[in-house]
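Working notes, structure below.
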Amino acid sequence: MDLSERFWNASIDELKEGYVEEGPVWVCLLCGKTLEKGIIYPDHDVLYEARRYMTVHIQREHGSVFQYLSGLDKKLTGLTEHQNRLLQLFYEGMNDKEVQQALGIGSASTIRNHRFALKEKERQSKVLLTLMELLKEKDRHAPSMVEIPKQAKMVDERYNVTEEERQSILAKVFPEGTEAPLKTFKLKEKQKYVVLREIAARFKPGVMYSENEINDMIGRDNPDYVTIRRYLIEYGFLDRRDDGSQYWLTT
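Each residue of the sequence shown is one higher than the one before, starting from 1 at the first, in UniProt numbering.
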């Protein structure tokens with residue numbers, strides 16, 4: 001199971017924690033880091049069992065689950081920039097008057113109206129979530145969809161891909177298998193997304209790669225390997241240091 005699929009399949013309680021239990025390990029839902037059960041992890045003269053150390057990891061690397069989730073693309077959160085900012089200020093413990101002063105808008109009663117609108121959105125979300133869960137039990141014709149990467153920077157139609165479409169695209173551009181050379185990268189955006197997703201699966205979470213290693217794993221026999229490397233970053237699959245000395249998987 002890849003990280004995006006694990007993230008979107010997690011329950012609300014699991015998302016609140018930021019990690020899930022998978023057999024002998026705890027897995028961070030935000031970056032994919034795994035910690036093995038039964039191992040004691042030393043850190044700054046403190047010994048942690050695996051689950052407790054996962055909370056340390058989340059705090060250190062991601063700030064908090066709230067901070068991470070509020071930083072996702074607005075197409076994924078369903079929040080406007082203004083609503084997102086309000087939630088962040090509420091999370092920081094500000095009262096209505098302090099929030100009003102921080103944003104420089106309206107009055108304290110204006111902020112109360114925003115609180116009411118957010119509560120209404122919460123109620124609507126609960127109803128929709130319940131409806132979708134009930135629908136899963138009855139809808140026998142819904143196609144299996146490829147999960148949208150949670151690190152996607154701009155969610156649009158290119159991510160509307162069924163599993164059947166994905167398999168068809170891969171068969172055409174990787175005629176000898178997905179580990180073999182890519183036939184072409186002169187593709188439509190949806191097809192590029194499918195190809196980039198497949199190439200990104202070659203990289204391991206938590207591993208730092210040099211530019212040469214990235215090029216080798218993409219495949220230097222493909223004349224577009226430099227373009228593919230750039231697209232992997234633009235689509236949010238990879239990130240890198242400003243000087244290009246190190247690359248790493250973000251999914």
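Idealized CB from N, CA, C, for every residue including glycine.
Over the uninterrupted alpha helix (DSSP H) stretch that includes residue i, give me the two end residues.
i, result
"threonine 130", "108 to 136"
"aspartate 73", "From DSSP, aspartate 73 is part of no alpha helix (DSSP H); its letter is neither H nor E."
"valine 195", "189 to 200"
"alanine 152", "It is not in any alpha helix (DSSP H) - alanine 152 carries neither H nor E in the DSSP assignment."
"leucine 79", "Premise fails: leucine 79 is in no alpha helix (DSSP H) and is neither H nor E."
"asparagine 95", "First-last for asparagine 95: undefined, no H or E at that position."
"valine 161", "Counting along the chain, valine 161 falls outside any alpha helix (DSSP H), and DSSP gives it neither H nor E."
"residue 313", "Outside the displayed range of the chain (1 to 251) lies residue 313, so it cannot be described from this structure."
"asparagine 222", "Here asparagine 222 belongs to no alpha helix (DSSP H), and DSSP marks it neither H nor E."
Quick one, which of the options has its alpha-carbon nearest residue i's?
i, options, result
"glycine 18", "Asp43, Tyr48, Ser64", "Ser64"
"phenylalanine 185", "Ile228, Gly93, Phe116", "Ile228"
"phenylalanine 116", "Leu128, Ile105, Leu86, Lys136", "Leu86"
"arginine 52", "Lys37, His62, Phe66", "Lys37"
"arginine 197", "Ser107, Ser125, Lys126, Val161", "Val161"
"glutamate 5", "Met132, Leu232, Cys31", "Cys31"
"tyrosine 91", "Thr80, Glu137, Gln67", "Gln67"
"aspartate 243", "Pro223, Glu211, Cys28", "Glu211"
"alanine 142", "Met132, Pro149, Ile148", "Met132"
"lysine 33", "Ile12, Ser144, Phe7", "Phe7"
Would you mind stating whether residue i and residue j have Cβ atoms separated by less than 9 Å?
i, j, result
"glutamine 151", "glycine 78", "no"
"lysine 190", "arginine 230", "no"
"valine 195", "isoleucine 214", "no"
"leucine 249", "proline 205", "yes"
"valine 56", "aspartate 45", "no"
"leucine 103", "leucine 89", "yes"
"valine 173", "leucine 187", "yes"
"valine 20", "alanine 10", "yes"
In the DSSP assignment, what are the bridge partners of residue i?
i, result
"isoleucine 40", "Glu49"
"valine 20", "Val27"
"threonine 34", "Val27"
"leucine 238", "Leu249"
"methionine 145", "Thr162"
"tyrosine 209", "Tyr247"
Just to confirm my understanding: we take residue i, look at its own chain, exclude 5 residues before and 5 after, and list those with CB closer than 7 Å. What are they?
i, result
"arginine 166", "Val146, Val194"
"threonine 178", "Leu170, Glu198"
"lysine 75", "Val155"
"leucine 182", "Val173, Phe174, Val195, Gly219, Asn222"
"glycine 93", "none"
What are the boundary residues of the beta strand (DSSP E) that residue i is part of?
i, result
"tyrosine 247", "247 to 249"
Leaving out five residues before and five after residue i in sequence, what residues of the same chain have Cβ atoms less than 6 Å from its Cβ?
i, result
"isoleucine 111", "Asp96, Val99, Gln100"
"glutamate 137", "none"
"leucine 41", "According to the sequence shown, residue 41 is tyrosine rather than leucine. Tyr48, Tyr53."
"phenylalanine 203", "Leu249"
In its own chain, which residues sit with a C-beta less than 8 Å from the C-beta of residue i, not counting the 5 before and 5 after it?
i, result
"serine 107", "Gln100"
"alanine 200", "Leu232, Phe237, Leu238, Leu249, Thr251"
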